[in-house]
Amino acid sequence: MKSSWQIKKLGEICEIIAGQAPPSKYYNEEGKGIPFLTVNSFGDVYPKVERWTTKCLRESKEGDVLFSVAGSLGLVNLGINACITRSIFALRPLKDIILQKFLFYTLKKYGSKIA
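For the sequence shown, this note's numbering gives the first residue as 3, with consecutive numbering after it.
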């Protein structure tokens, strides 16, 4: 690590949005509503959408970094506009402090040690 770099807590460099799942009666596979993500949705870089919901309680946005906090701990994806379940945190980088891709690649390398 470069000597000029600072060590910061995650909450100091990004907003942390904890997911919350709506009741399952709002889920569908017909593409109605907003994409609904679980840890099983995670791909190598972006999540794959297989389910949608017509009621969203917590939403990730494009530009976020998605981080799994239950089930398969420490998985990382780049965010999309979607509803996220409680096993996922959306990390929203604070502008002028950290770049999304730097956070993504750092968590990709060290995320399983953090979780």
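We put the beta carbon where it would ideally sit given N, CA and C, even for glycine.
Listed in chain order, the non-local C-beta contacts of Ser89 below 8 Å within the same chain comprise Gly21, Thr40, Val41, Ser70, Val71, Ala72, Gly73, local neighbours out to five positions each way being set aside. Here Glu17 really is in contact with Leu96; their C-beta atoms are around 7 Å apart, less than 8 Å. Contact annotation: Gly35 and Trp54 have beta-carbon atoms nearer than 8 Å.
Linking Tyr28 to Cys85 through their CA atoms gives a straight-line distance of about 12 Å.
A distance below 8 Å separates the beta carbons of Ala92 and Gly81.
8 Å or more divides the Cβ of Ser62 from the Cβ of Val51.
Scanning the region 6 to 51 for uninterrupted alpha helix (DSSP H) segments of 4 residues or longer gives 12 to 15, listed from N- to C-terminal end. The region 53 to 98 is shown to contain whole beta strand (DSSP E) runs of 3 or more residues at 67 to 70, 78 to 80, 84 to 86, 90 to 95, in chain order.
With fewer than 16 other Cβ atoms from the protein chains shown falling within 10 Å of its own Cβ, Pro25 counts as exposed.
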